[in-house]
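Novice:
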Amino acid sequence: MDDHLRAVIIVVISGLVWSFGPLVVKNMTDPQLYQLPYLVIRGMTVATIIAFYLFFNEGLNFIKKLFQIDGVTIIGGMSLTTAFLGFIYSISYTTAAVTLFMLALMPFLASLIAFIFLKEKISKQNFISMVVAFIGTLVMIYASAFSGSFFGLIMGFVSSLGFAAFSVALRSKSDIKKFYILIYGGIFCALFSALLMIINNQDFYIPIKNVYLSMTHGTLVASGLILFSIGSKQLLSGELTMLSLLEVVGGIFWAWLPILGINEVPSMNTIIGGAIICVAIAMNSYRFDKKRLQNLTR
Numbered sequence: 283m284d285d286h287l288r289a290v291i292i293v294v295i296s297g298l299v300w301s302f303g304p305l306v307v308k309n310m311t312d313p314q315l316y317q318l319p320y321l322v323i324r325g326m327t328v329a330t331i332i333a334f335y336l337f338f339n340e341g342l343n344f345i346k347k348l349f350q351i352d353g354v355t356i357i358g359g360m361s362l363t364t365a366f367l368g369f370i371y372s373i374s375y376t377t378a379a380v381t382l383f384m385l386a387l388m389p390f391l392a393s394l395i396a397f398i399f400l401k402e403k404i405s406k407q408n409f410i411s412m413v414v415a416f417i418g419t420l421v422m423i424y425a426s427a428f429s430g431s432f433f434g435l436i437m438g439f440v441s442s443l444g445f446a447a448f449s450v451a452l453r454s455k456s457d458i459k460k461f462y463i464l465i466y467g468g469i470f471c472a473l474f475s476a477l478l479m480i481i482n483n484q485d486f487y488i489p490i491k492n493v494y495l496s497m498t499h500g501t502l503v504a505s506g507l508i509l510f511s512i513g514s515k516q517l518l519s520g521e522l523t524m525l526s527l528l529e530v531v532g533g534i535f536w537a538w539l540p541i542l543g544i545n546e547v548p549s550m551n552t553i554i555g556g557a558i559i560c561v562a563i564a565m566n567s568y569r570f571d572k573k574r575l576q577n578l579t580r
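Once you know that position 80 of the sequence shown is 362 in my numbering, the rest is easy, because the numbers rise by one and skip nothing.
#1: Hey, would you say residue 364 sits closer than 8 Å to residue 530, going by beta carbons?
#2: If you follow the alpha helix (DSSP H) that residue 301 is part of, which residue opens it and which one closes it?
#3: Please list the segments of the alpha helix (DSSP H) lying wholly inside the segment 467-532, counting only runs of 4 or more residues, in order along the chain.
#4: CB-CB under 8 Å to residue 493, same chain, minus the five flanking residues each way: which ones, in chain order?
#5: Between residue 306 and residue 398, what straight-line distance do the alpha-carbon atoms span, to the nearest angstrom?
#6: What's the gap between the Cα of residue 295 and the Cα of residue 540?
#7: With burial defined as no fewer than 16 other Cβ atoms inside 10 Å of the residue's Cβ, what is the status of residue 345: buried or exposed?
#8: With 16 other CB atoms within 10 Å as the buried threshold, where does residue 453 fall?
#9: Just how far apart, CA to CA, sit residue 466 and residue 359?
#10: Could you pull the start and end residues of the alpha helix (DSSP H) that residue 365 belongs to?
#11: Kindly indicate the opening and closing residues of the alpha helix (DSSP H) around residue 348.
#12: For residue 528, which residues of its own chain have a beta-carbon under 6 Å away from its beta-carbon, when the five flanking residues on both sides are left out?
#13: Which runs of the alpha helix (DSSP H), 4 residues or longer, sit entirely within the segment 383-466?
#14: Buried or exposed, going by whether 16 or more other CB atoms sit within 10 Å of the CB of residue 301?
#15: Just to confirm the assignment, what range does the alpha helix (DSSP H) spanning residue 316 have?
#16: Check whether the Cβ atoms of residue 476 and residue 388 lie closer than 8 Å to each other.
#17: Residue 338: buried (16+ other C-beta within 10 angstroms of its C-beta) or exposed?
#18: Please classify residue 406 as buried or exposed, where buried requires at least 16 neighbouring CB atoms within 10 angstroms.
#19: Please classify residue 265 as buried or exposed, where buried requires at least 16 other C-beta atoms within 10 Å of its C-beta.
#20: Thinking C-beta only, is residue 441 closer than 8 Å to residue 372?
#21: Taking its Cβ as the centre, do 16 or more other Cβ atoms sit within 10 Å of residue 550, making it buried, or is it exposed?
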């Protein structure tokens, strides 16, 4: 198995891991009341898991490197924090369909940001694959009830933009250094959420059920981020985010699976759209231009 195929499989798995996120949030008690304490706990869970991962790989030396941060690490961490905040507010205030629709913009946003800052050019094959994936997402949400607030839609777009920027920052880092972006993403998320709670005079109270859910969600997010980061060096920014779009397909599937409790039955549009996204991912991986990636990573 070559490095590119291995990276594709790893990033696809990361998307499947993240696909359980909406299911976790939808099981929260009064999600619109407890976003901030939920984000504090989830952010610290993410930072803790990534810290253990780095300790396992680098020993105590990772503590020294943790304080050797640069502008890219800060920007990447803040971008990831933006994605975290946008996602939880979006899915709390609007339908899953709207949130997932906004997330489907990630490949295009990531490609645009990477083109501007990393000079990554989009090949015809990559562009067609992203368009096909976007069409698949449109099919999935066609005829869905776009209920919920406009605020939820905007937060979905903010989340998509934040994750796209984070993906580009990740691509600019090499090897183990990229994982420090993940730690700071979790720390910034927890600190910023706590600051908002102080400004709003909000008590740090959260039902015990939500505590467990936030820790579970943090574990899923951290696990997916580790896989996503491992695969990032062998994929271009637009491809990286497009492959993770299985989060969209999986998220709807888990919401449908009766044994998991929500039991949202998918429509025929959802099934067809999900199949189209899978086709787009297969198209993207066919005859991948390795020389172009090698030129960008030298």
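Glycine residues also receive a C-beta, built at the ideal position from the N, C-alpha and C atoms.
Specialist: Once the coordinates are examined:
#1: In the sequence shown, residue 364 corresponds to position 82, counting from 1. In the sequence shown, residue 530 corresponds to position 248, counting from 1. No, they are not a contact pair.
#2: Here the question's residue 301 lines up with position 19 in the sequence shown. Secondary structure note for residue 301: it is in no alpha helix (DSSP H), with a DSSP letter that is neither H nor E.
#3: Taken in chain order, the complete alpha helix (DSSP H) segments of 4 or more residues contained in the segment 467-532 are 490-514 and 519-525.
#4: The count along the sequence shown starts at 1 and reaches residue 493 at position 211. 323.
#5: Numbered from its first residue, the sequence shown carries residue 306 at position 24. Numbered from its first residue, the sequence shown carries residue 398 at position 116. Each residue's Cα considered, the two are about 35 Å apart.
#6: As a first step, residue 295 is located in the sequence shown; it is residue number 13 there, counting from the start. As a first step, residue 540 is located in the sequence shown; it is residue number 258 there, counting from the start. If you take the alpha carbons of residue 295 and residue 540, they lie about 22 Å apart.
#7: Sequence index remark: in the sequence shown, residue 345 carries index 63 (1-based). With fewer than 16 Cβ atoms within 10 Å of its Cβ, residue 345 is classed as exposed.
#8: By one-based count along the sequence shown, residue 453 stands at place 171. Its Cβ being crowded by 16 or more others within 10 Å, residue 453 is buried.
#9: As a position in the sequence shown, residue 466 is number 184, starting the count at 1. As a position in the sequence shown, residue 359 is number 77, starting the count at 1. Using only the alpha carbons, I get a separation of about 5 Å.
#10: Taking the first residue of the sequence shown as 1, we reach residue 365 at position 83. Unbroken alpha helix (DSSP H) run through residue 365: 353-375.
#11: By 1-based counting over the sequence shown, the position of residue 348 is 66. Residue 348 -> alpha helix (DSSP H) spans 343-348.
#12: On the sequence shown, residue 528 is found 246 positions in, with the first residue counted as 1. Around residue 528: 294, 297 and 298.
#13: 388-399, 406-423 and 432-453
#14: Within the sequence shown, numbered from 1, the residue matching residue 301 stands at position 19. By the neighbour-count rule (16 or more Cβ atoms within 10 Å), residue 301 is buried.
#15: Here residue 316 refers to the residue found at position 34 of the sequence shown. Counting along the chain, residue 316 falls outside any alpha helix (DSSP H), and DSSP gives it neither H nor E.
#16: Position 194 of the sequence shown, counted from the start, is the residue given in the question as residue 476. Position 106 of the sequence shown, counted from the start, is the residue given in the question as residue 388. Against a cut-off of 8 Å, the Cβ pair of residue 388 and residue 476 comes out as no contact.
#17: Locating residue 338 in the sequence shown gives position 56, counting from the first residue. Answer is exposed; the Cβ neighbour count stays below 16.
#18: Residue 406 sits at position 124 when you count from the first residue of the sequence shown. Under this definition residue 406 is an exposed residue.
#19: Outside the shown range of the chain, which is 283 to 580, sits residue 265, and nothing can be said about it.
#20: Along the sequence shown, one-based indexing puts residue 372 at 90. Along the sequence shown, one-based indexing puts residue 441 at 159. Result yes, Cβ atoms of residue 372 and residue 441 sit closer than 8 Å.
#21: Translated into the one-based positions of the sequence shown, residue 550 becomes position 268. With fewer than 16 Cβ atoms within 10 Å of its Cβ, residue 550 is classed as exposed.
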